[in-house]
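To keep things clear, I will list the structure first and then write my remarks on it.
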Amino acid sequence: MTTLRDQLTSIATAAPTVDLTEGVIRKARRRRAGTHLTSAATAVAVVAALTFAVTGGQRPGDVIMSKVTDTLPAAGVGPLAYAYYDWCGEEWKPGVNTRRFAKECAQWNVVTRTGHTYRMPEALSVYTEQSAENYMNTNAPMVISANGERVVYYSEQDQKIAVRDLESGRVWLIPGTVSRAELVAAPMLLMPSPDGSRLGVWGRSGQDMVVEVETGKVTEIPEGWHVRAVGDGGAPVIVSTDKDDKLGVLAEDGTVRAFPPLKHTPAFDLSLPSPDGRKLAYLTGMTGVLTPTSDPAEKSKPNDTIVTLDTATGETLRPVRLRDVPPGFAATRAGGWLSPTEVVVSGPAMASSQDVTPVLGEQTYSVDIRTGKVTPLASHTYRAWAGSLELPGF
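Sequence positions in the sequence shown follow my numbering and run 831 to 1224.
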């Protein structure tokens, strides 16, 4: 079985050196459903192992075409390293010039751990009817299981959320119809378990649910609670409230067992459940507005503590101060696990130039929950006016 450690190592070793002075990028955010789960990560595209070229030189009336020509094979595809779209590197203005872009240019592209890049036309990506007023909800959701072997997306043809196993090519459709108009009006958050066998859905007609992907069995989340993190079969489903971000665990009888109040406030996302299903982790301690290039005079500081929770009781197991923190550390999200004691976290990565807008991206690290040791894993940046990146496990 592929592991998250293998995947991140593959991404890091494949990353080429890229001249970041070319092109201009614009930060594009995807707003997650609900106030307390708003993602802190900027939507990014990626440099690592890119097999496409940024377009350039088009006249204003030209249709911009994608440089990714291969479509995803029906089966036999290895684990994914990431998924992205980038408007082919051209400037996009919501509600102004969307029609300039060919359908292929706004599609999700997926990149395997071996560096192959494919278009995925069956997965709806950008809402071409997007307007300047609701630009924060730019694209249909796509997420990748932490092991990279399954991808979850919106199939406009079926008007359903779909889960695809990349090796076998089998596709499972999640119960319940969702129209494109519904997605454009309100974002939907999809949360696969580490192996993609279960899927949490937040934002579907106001009713959250957890689905056993291969059987279609649905467990509805009780009113007032939202799905927050989903473990593999037999592992817990963690839920939270809207107003006060109280956490709980979904019991076998479908009720929620509320956790005691948290002793430390999570920065943003909780991790997936640990490999044994017994722990969650999150970062805390951030103050002020923080980026890797923050002015020290702003008195902002990064998250400085990793906290683990017992998934059965919600009790804080131990907060541990981070150590060996590299310069520019600004991680806010926790995702999958490298090992039973190492969780992957991510935050914005930035590179700047004298003559262009800064290049944005995503930096991942591992954090040892016993010692707090921080180890850089991989940096992902891209050159484009707008776009989005999805990493496995986040």
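Glycine included, C-beta positions come from ideal geometry on N, C-alpha and C.
query: Out of T1071, S1104, D1106 and A1097, which one is the CA nearest neighbour of P1090?; result: T1071
query: Tell me the rounded alpha-carbon separation between E1053 and H946.; result: 43 Å
query: Quick one: complete beta strand (DSSP E) runs, 3+ long, within the stretch 964-1047?; result: 972-974, 980-985, 990-995, 1001-1003, 1019-1022, 1028-1032 and 1039-1042
query: Buried or exposed for K1093, please, with buried defined as at least 16 other CB atoms from any protein chain shown within 10 angstroms of its CB.; result: exposed
query: So, at 7 Å on beta carbons, what are the nonlocal neighbours of G999 in its own chain, with the 5 sequence-adjacent residues on each side left out?; result: A904 and A905
query: Tell me, which residues are paired with V1067 by DSSP?; result: V1060
query: Can you name, in chain order, every residue of its own chain whose Cβ lies under 7 Å from the Cβ of G1033, other than the five neighbours on each side?; result: A863, A1016, P1017, M1018 and L1019
query: In whole angstroms, give me the CA-to-CA distance for K1203 and K1073.; result: 33 Å
query: Of the choices T899, S975 and R930, whose alpha-carbon is the least far from that of G908?; result: S975
query: Beta carbon of Q989, beta carbon of V1008: below 8 Å?; result: yes
query: Could you tell me whether the Cβ atoms of S955 and A932 are closer together than 8 Å?; result: no
query: If I measure Cβ to Cβ from D995 and keep anything under 7 Å in the same chain, skipping five residues before and after, which residues do I get?; result: E979 and R980
query: Pull up the distance between the alpha-carbon of G1064 and that of I1136, whole angstroms please.; result: 25 Å
query: Could you tell me which residues DSSP puts in a beta bridge with L1077?; result: S1070
query: Using the C-alpha atoms, what's the distance from T1146 back to V1079?; result: 14 Å
query: Identify which residue in L1029, N969 and G1046 has its Cα closest to the Cα of V1014.; result: N969
query: Which value, in whole angstroms, describes the spacing of the CA atoms of G1084 and P1157?; result: 45 Å
query: Verify whether the separation of the beta carbon atoms of A1160 and S1209 is less than 8 Å.; result: no
query: Can you tell me whether V926 is buried or exposed, with buried defined as 16 or more other CB within 10 angstroms of its CB?; result: exposed
query: Could you check what DSSP says for A875 in three-state terms: helix, strand or coil?; result: In this predicted model, A875 has a pLDDT of only 28, less than 50, meaning its place in the structure is not dependable enough to derive any value.
query: Looking at the unbroken beta strand (DSSP E) that takes in S912, where does it start and where does it end?; result: Inspection of the sequence shows that residue 912 is occupied by Tyr rather than by Ser. First-last of the beta strand (DSSP E) with Y912: L910 to Y915.
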